[in-house]
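Have a look at the structure below before the remarks.
Protein chains: 2
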Amino acid sequence: MALYVQKYGGTSVGSVDRIDAVAEKIKRFKEQGHDIVVVVSAMSGETNRLIGLAKEIQPGAQSPREMDVLVSTGEQVTIALLCMALEKRCVPARSYTGGQVKIVTDSSHTKARIQDIEVSSMQQDLAEGRVIVVAGFQGVDPDGNITTLGRGGSDTTGVALAAALKADECQIYTDVDGVYTTDPRVVEGAQRLDVITFEEMLEMASLGSKVLQIRAVEFAGKYKVPLRVLHSFQEGPGTLITIEDDSAVEKPIISGIAFNRDEAKLTVMGVPDVPGVASKILGPVSRANIEVDVIVQNVAADNTTDFTFTVHRNDYEATEQVLNQVATELGAREVVGDNKIAKVSIVGVGMRSHAGVASKMFDALADENINIQMISTSEIKVSVVIAEKYLELAVRALHSAFDLDANDSVSE
Amino acid sequence: MALYVQKYGGTSVGSVDRIDAVAEKIKRFKEQGHDIVVVVSAMSGETNRLIGLAKEIQPGAQSPREMDVLVSTGEQVTIALLCMALEKRCVPARSYTGGQVKIVTDSSHTKARIQDIEVSSMQQDLAEGRVIVVAGFQGVDPDGNITTLGRGGSDTTGVALAAALKADECQIYTDVDGVYTTDPRVVEGAQRLDVITFEEMLEMASLGSKVLQIRAVEFAGKYKVPLRVLHSFQEGPGTLITIEDDSAVEKPIISGIAFNRDEAKLTVMGVPDVPGVASKILGPVSRANIEVDVIVQNVAADNTTDFTFTVHRNDYEATEQVLNQVATELGAREVVGDNKIAKVSIVGVGMRSHAGVASKMFDALADENINIQMISTSEIKVSVVIAEKYLELAVRALHSAFDLDANDSVSE
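Heads up: the protein sequence lines correspond to chains P and A, in order. So the first sequence is numbered by the numbering used here: it starts at 642 and just counts up by one. So the second sequence is numbered by the numbering used here: it starts at 642 and just counts up by one.
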């Protein structure tokens, strides 16, 4: 007898047949005596279809308020259809748009943030035995304007509802059966994790494990909502994302290997080593709306320094132009860049209490003759930038070095 | 400097190009200094697509509440796209769903009736120079559930908004350029009417001139909202539907010839002529959800009577079954029917003050050797039922007899 908030993404409700399958699944949960609140996305393809219409009508910048009015219809269609599929199975259900809940957000159209959720109406429906089906990704601002939370916002809706309703678990149904130690397409022995902490998941997500939206994980961590990633149409326990359990002394040092090949590296060489140089370089980059990831500044030699950072690969040329201008103004020697790089990271809360994790990583890479171009560390993560061509080799070497391979865990 | 409520139907907003054309048209009205409130339908085909999805998910009876949640998305898409098209033209605009206005209805899902409209927010937008774009066909009940007004309800939304905002005119843009004396496909000389009264329009509409929804005309008549039918993409004055102007002494006796070939006729022969027979016959028909149109009971002879009425042709077989049962119970002689009939009506407020209109009609039909099977009259209408094969002949003969032909009006 638990209260579950279940989120089904666009692929899981992408056709009439799939909506029927989801309804069947929900029916079984109800039969087990659970209370169910469902959050759904638009049927796959629908949001893009609507955005396409908008771009045809208003090329360039679309009116943000009207974009939200437009795209929010996608989820509204799904909630109605899913309720019909439930009622066909004699499962009482009621649909709610974001505004009907109501999920109050700020007025930042197309990227609104949730401020408050009214739960009384939903609680009454739950008490009367109804399944509640809520349109993900949308809300209303205090003036009643329709808002959306931005791409992937349905995960956030699910977590926010689970927090507001004090649900036992927020279950994110998707097209993978959990979070893996690394990408199974790169490492054959990659294993599904039973449990991962919010912090680890954040590092994994931001590094390219696109299972969950970062905002949803942050939200879940903040409100301590247990979050579970499961496959929509396969049985299995999935991966539970939860707060750190201090009692788990046997927890592996490293939970997973994340990687990202979407980055490019730029270096301003021979920058005068005076205070304020970093902001003089990154200020113009930021003003050009370019996001910076890893930043490394080498120790100064002969009163100059080399300043290196990575950006998204799509921003490589734009960043180069900005830097050439900056380099001239600063009297720097030159700007060099490389867009054939990859970032590989080891992630795990266990490394806090274990010295030598970083050196073990560097050793494993050295054993494969992989040169490390940049290093960046945080409390639960060590990232290195290497040449892109070594990416798969590096991931496999690290996966094995940290005993994450399926074979290893069986043999030990 | 007038306030116009303009309604554009599904065909008028059926594509991105057409939405652009509508926006261009609205821009011109704004440039002339008018205040504009626009009501739009779903893009043509969209409502049927959504209903198709619902029927796939839930064959048989769909949940009415969820149907309204589903189909109301159609208009919501259009309001957003039209606002974008207006903003692209630097015409400030704001979209409103039925719930945002808010248009409060009763809770009869899929066929709700409007109870109240809040105007303060719209009035403020108008004062600030914005075009208001409202989703037609939809509202919310007092509990915030989404409702729809039923097919064609966008006309009703337009009229209701015009009444609430005290607009100078409610303009219904459609794919015809006005109301005609009769169907131009049947009578070449059919003429567009400049003016028609609400009562005449009601009789014309209910008889098959599908230019306007009956409910909208009733609503406009009740609140004395001047209603104008115009072509969406052709210039022209259209037809003004208004209250009767007593000063127009030269008004023609007959405004138009309406007809309908969707009916079938059934007669219960030899019914005992005792009180209560009519309800004994029509009660079971009504309980079978069959709507009855013209009813005629012949004068009794030898203590029995013949009872005749018309139904929609689709209900012919069902009605026949009901009547066979009833005839047995009543001891009637037999049930005979004919589904190859048509109804032709002359309509005009002028006939109130002119004797001989009916006989002129009967003469004109007799001249063409057309036998009249049933006659039914109201204050401003005379209807006859004839064999379907004579329909076109009858309409042309009457159009000419009542001087409605374009040539006649020029020569006189």
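Just so it is clear, CB atoms sit at the ideal spot from N, CA and C, and this is done for glycine as well. A quick note: this is a predicted structure, and the numbers were derived from the prediction, not measured.
Contact set for residue i: own chain, Cβ-Cβ below 7 Å, skip 5 residues either direction
i: P/Gly791; result: Thr751, Lys752
i: A/Ile837; result: Val820, Thr880, Ile882, Ser896
i: P/Cys724; result: Ala734, Arg735, Ser736, Val774
i: P/Arg993; result: Glu1020, Ile1021
i: A/Ala973; result: Val909, Met910, Gly911, Val912
i: P/Ala695; result: Gln703, Met708, Leu711
Unbroken beta strand (DSSP E) run spanning residue i, endpoints
i: P/Pro925; result: Not the beta strand (DSSP E): P/Pro925 falls in the alpha helix (DSSP H), residues 918-928.
i: P/Ile898; result: 897-901
i: P/Val870; result: 868-872
i: A/Leu881; result: 880-883
i: A/Met992; result: No beta strand (DSSP E) contains A/Met992, which DSSP labels as neither H nor E.
i: P/Glu810; result: 810-815
i: P/Ile667; result: Unbroken run through P/Ile667 is the alpha helix (DSSP H), 657-672; no beta strand (DSSP E).
i: P/Phe983; result: Reading off the sequence shown, one finds Ala at residue 983 of chain P, where the question assumed Phe. From DSSP, the beta strand (DSSP E) with P/Ala983 extends over 982-988.
i: A/Gln938; result: 933-938
i: P/Glu975; result: 975-979
i: P/Lys696; result: Run containing P/Lys696: none in the beta strand (DSSP E); it sits in the alpha helix (DSSP H), 687-698.
i: A/Gly780; result: 779-781
i: A/Leu644; result: 644-649
i: P/Met1015; result: 1015-1019
i: P/Ser1024; result: 1022-1028
Beta-carbon neighbours of residue i, restricted to chain A and to distances below 7 Å
i: P/Ser704; result: Cys724, Met725, Glu728
i: P/Gln938; result: Simply none; closest approach about 46 Å.
Contact set between residue i and chain A, taken where Cβ atoms lie within less than 8 Å
i: P/Gly785; result: Gln741
i: P/Asp1055; result: Since the displayed chain P opens at 642 and closes at 1053, residue 1055 of chain P lies outside it and no answer follows.
Span of the alpha helix (DSSP H) around residue i
i: P/Tyr957; result: 957-971
i: P/His1040; result: 1032-1042
i: P/Ser795; result: 794-805
i: P/Thr719; result: 705-729
i: P/Ser762; result: 761-768
i: P/Lys1001; result: 998-1008
i: A/Lys863; result: 855-863
i: A/Leu907; result: Per DSSP, A/Leu907 belongs to no alpha helix (DSSP H); it is in the beta strand (DSSP E), 904-913.
i: P/Gln741; result: 739-742
Within chain P, partners of residue i - CB distance below 7 Å
i: A/Ser736; result: Glu707, Val710
i: A/Thr714; result: Thr714, Gln717, Val718
i: A/Ala846; result: Correct list: empty, because the minimum Cβ distance to chain P is about 31 Å.
Neighbourhood of residue i by C-beta distance below 6 Å, restricted to the same chain and skipping five residues each side
i: A/Phe948; result: Val909, Val912, Ile922, Gln938
i: P/Lys984; result: Asn901, Glu904, Ser1024, Val1026
i: P/Lys1022; result: Glu844, Ser986, Val988
i: P/Glu885; result: Thr838, Val990
i: P/Phe950; result: Val933, Ile936
i: A/Ser656; result: none
Residues of its chain near residue i, where Cβ-Cβ distance is below 8 Å and the 5 sequence neighbours each way are ignored
i: P/Tyr645; result: Phe670, His675, Asp676, Ile677, Val678, Ala808, Asp809, Glu810, Cys811, Gln812
i: A/Val817; result: Val852, Val870, His872
i: A/Pro893; result: Gly989, Gly991, Phe1043, Asp1044, Leu1045
Any C-beta of chain D under 9 Å from that of residue i
i: P/Ala768; result: No chain D is part of this structure, whose protein chains are labelled P and A.
Interface residues of chain P facing residue i [CB-CB closer than 8 Å]
i: A/Asp657; result: According to the sequence as given, residue 657 of chain A is Val; it is not Asp. What A/Val657 touches in chain P: Leu694, Glu697, Ile698.
i: A/Ala999; result: The premise fails here: A/Ala999 is roughly 52 Å from chain P at the closest Cβ pair, so nothing lies under 8 Å.
Per-residue burial, residue i [other beta carbons within 10 Å of its own, 16 or more giving buried]
i: A/Arg902; result: exposed
i: A/Ser1019; result: exposed
i: A/His995; result: exposed
i: A/Ser713; result: buried
i: P/Asp1008; result: exposed
i: P/Glu932; result: exposed
i: P/Met642; result: exposed
i: P/Glu840; result: buried
i: P/Arg928; result: exposed
i: P/Gln647; result: buried
i: P/Ser1052; result: Residue placement at P/Ser1052 is poorly supported in this model, since its pLDDT is 35, which falls under 50; the coordinates are not used for a value here.
Residue i: contacting residues in chain A (beta-carbon distance under 9 Å)
i: P/Ala753; result: Ordered by position in chain A, no residue passes the 9 Å Cβ test against P/Ala753, which lies about 16 Å from the chain.
Contact list for the region 675-695 of chain A against chain P, Cβ threshold 8 Å
Leu691, Leu694, Ala695
Selection of the region 902-918 of chain P by Cβ proximity to chain A, strictly under 8 Å
none
Using Cβ-Cβ distances below 9 Å, what residues of the region 852-873 of chain A are close to chain P?
none
To be precise: take each residue of the region 973-1007 of chain P, compare its Cβ to all Cβ atoms of chain A, and keep it if any distance is under 7 Å. Which residues remain?
none
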